[in-house]
Structures are given as C-alpha cells and as structure tokens.
Amino acid sequence: MLGTIALTIIVLAIIWVIFIEYRKEQKYKKQREEKRKLRKTPPFETNVEEPLKEKEKPITQHIEEEVAVAPEKVEIKPEPEVIVEEPKAEEKVEIEVTVAEELPPCDYPPFDHTRTVESLGLSEEEAKEFVCELVTQIDTHIPLIKKELETENFHQLEKLTHSIKGSATNLGTGGVSDLLVDFNTYLKTGTDMKIVQHYCSSLENYAQQLKDQYC
Numbered sequence: 001m002l003g004t005i006a007l008t009i010i011v012l013a014i015i016w017v018i019f020i021e022y023r024k025e026q027k028y029k030k031q032r033e034e035k036r037k038l039r040k041t042p043p044f045e046t047n048v049e050e051p052l053k054e055k056e057k058p059i060t061q062h063i064e065e066e067v068a069v070a071p072e073k074v075e076i077k078p079e080p081e082v083i084v085e086e087p088k089a090e091e092k093v094e095i096e097v098t099v100a101e102e103l104p105p106c107d108y109p110p111f112d113h114t115r116t117v118e119s120l121g122l123s124e125e126e127a128k129e130f131v132c133e134l135v136t137q138i139d140t141h142i143p144l145i146k147k148e149l150e151t152e153n154f155h156q157l158e159k160l161t162h163s164i165k166g167s168a169t170n171l172g173t174g175g176v177s178d179l180l181v182d183f184n185t186y187l188k189t190g191t192d193m194k195i196v197q198h199y200c201s202s203l204e205n206y207a208q209q210l211k212d213q214y215c
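All residue numbers for the sequence shown refer to the UniProt record's numbering, where the first residue is 1 and numbers rise by one.
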C-alpha cells in the first residue's frame with residue numbers, strides 16, 4: 001500500500017515538473033521573439049534630388065535692354081524657340097540594411113540538482129547517479145547533433161535537443177540545462193548556422209563541466 005502511494009506521489013511530482021518546464025520554455029520563446037523584433041532594422045529611404053538647371057535669361061530681355069540704350073541701331077530678330085527641360089521627379093532610393101544576428105552569450109550558472117532531491121525525494125548520492133546518466137545521454141547525442149549540422153537539418157536538430165533538454169531540466173537548473181532550453185528554443189524558428197554552431201560548441205563545454213562536477 002505504501003509503495004503504491006509513494007509511486008503515485010513520484011508520478012505526480014514528475015508531471016508537475018514537466019508542466020513547470022513547459023511554461024518556462026514558453027516564456028523563453030516569448031522573450032527571444034521580442035529580442036529578435038528589436039534587432040530588426042527597417043530599410044530607409046534616401047532622397048536623391050538633382051539640382052535643377054538654372055534657367056537662362058530670356059532673349060527678349062536682352063533685346064529690350066539694347067533698345068533702351070540705342071533703339072535706332074537695334075535690329076529686331078524673331079525670338080528663337082526656347083526649350084525648357086522639365087525638372088526630373090525626385091527619385092527615391094531604397095537601401096536594405098541587413099543586420100547580422102549576434103551570437104548568444106551562453107553564460108549560465110553552474111548546474112544545480114536540488115530540484116531532483118526536493119521533487120523526487122532522492123538522496124544526494126541517488127541524484128548524482130541520475131546526473132551521471134544524463135552526461136552519458138548528452139555524450140551520445142552530441143555526435144548525432146554534429147552530423148545533422150553538416151546537412152543543416154534544423155528539424156532533426158530540434159528533435160535531438162528536445163529529447164535531452166527534457167532529461168536535463170527534470171534533473172536540475174543552470175549549466176547544461178539552461179543551455180539546452182535556449183538551444184532548442186532557437187531551433188524552433190532560427191536558421192543562422194553560426195548561432196547553431198555556437199550553441200553546439202557551448203553544449204560540449206557545459207557537458208564537460210557537468211562531467212567534471214559529478215562524474
């Protein structure tokens with residue numbers, strides 16, 4: 001009877017942790033979308049206006065001046081047709097500005113397994129054993145992630161990071177757990193290979209830190 005109650009409590013605790021992590025992931029996604037919108041710079045317009053040609057002085061004005069000085073010596077000739085060019089309409093030049101996305105800082109606090117001890121009622125030793133299993137799982141996934149990077153298969157990358165993200169966030173916070181949340185969230189919409197490679201490199205570093213810390 002006690003075993004059934006304990007098992008029920010553990011299952012409810014796991015469901016609660018998964019629900020909390022789902023809300024946390026949604027919050028991360030919303031914050032990243034807001035940052036992305038702030039980074040975008042709209043194209044701007046530059047007005048190029050050519051100076052209008054200065055109109056020449058009308059010929060009739062020259063004739064009138066000469067008549068005023070010596071009317072008897074002035075021979076009036078027919079006024080030639082003057083062609084006046086119409087000013088060109090203002091041209092608008094649109095210049096598109098491409099703003100490169102900045103690399104994420106990937107600066108997280110050390111991994112903390114307190115969540116595992118408190119939510120599942122495990123001892124420190126048992127919690128560390130679970131973390132070591134997580135390290136093994138990450139080590140197995142990293143080569144698979146690198147393989148998908150070569151073909152830029154973002155859909156498969158999102159699935160791979162999602163599977164180990166769930167295991168990491170269920171065991172603790174900080175370190176590799178927070179990194180996988182950001183990495184997986186970016187892969188849902190992002191396609192910048194430099195950023196994806198940066199996340200992959202950071203995953204290797206934080207996995208090694210986790211290994212040094214627990215294994």
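The beta-carbon is built from N, C-alpha and C at its ideal position, and this holds for glycine as well.
For residue j and residue i, the rounded distance between their alpha carbons
i      : j      : result
Ile195 : Phe111 : 23 Å
Ile142 : Lys165 : 13 Å
Phe183 : Lys29  : 11 Å
Tyr206 : Glu125 : 21 Å
Ile18  : Ile5   : 20 Å
Gln137 : Lys35  : 32 Å
Pro109 : Met1   : 41 Å
Ser123 : Val131 : 13 Å
Cutoff 6 Å; reference residue i; Cβ partners in own chain excluding five residues on either side
i     : result
Pro51 : Here Pro51 scores only 44 on pLDDT, less than 50, and its place in the model should not be relied on; the value that follows carries that caveat. Answer for Pro51: no residue qualifies.
Glu21 : Thr169
Nearest to residue i (by Cα), restricted to the options the options
i      : options                      : result
Pro104 : Cys215, Gln209, His198, Leu7 : His198
Arg23  : Leu144, Val181, Lys147       : Val181
Gln208 : Val11, Thr191, Gly175        : Gly175
Val135 : Thr116, Tyr28, Ile5, Leu210  : Leu210
Val11  : Lys27, Ser119, Gly190        : Ser119
Any non-hydrogen atom of the ligand ADP within 7 Å of residue i CB
i      : result
Thr161 : With respect to the ligand ADP, the structure offers nothing, as it holds no ligand at all.
Opposing strand residues paired with residue i [DSSP bridges]
i      : result
Asp212 : In DSSP, Asp212 forms no bridge with anything.
Asp112 : Thr173
Whether residue i touches residue j by CB criterion (8 Å)
i      : j      : result
Leu187 : Leu144 : no
Thr114 : Gly190 : no
Thr185 : Ser177 : no
Contacting residues, own chain, Cβ-Cβ under 8 Å from residue i (five flanking each side not counted)
i      : result
Met193 : Leu149, Glu152
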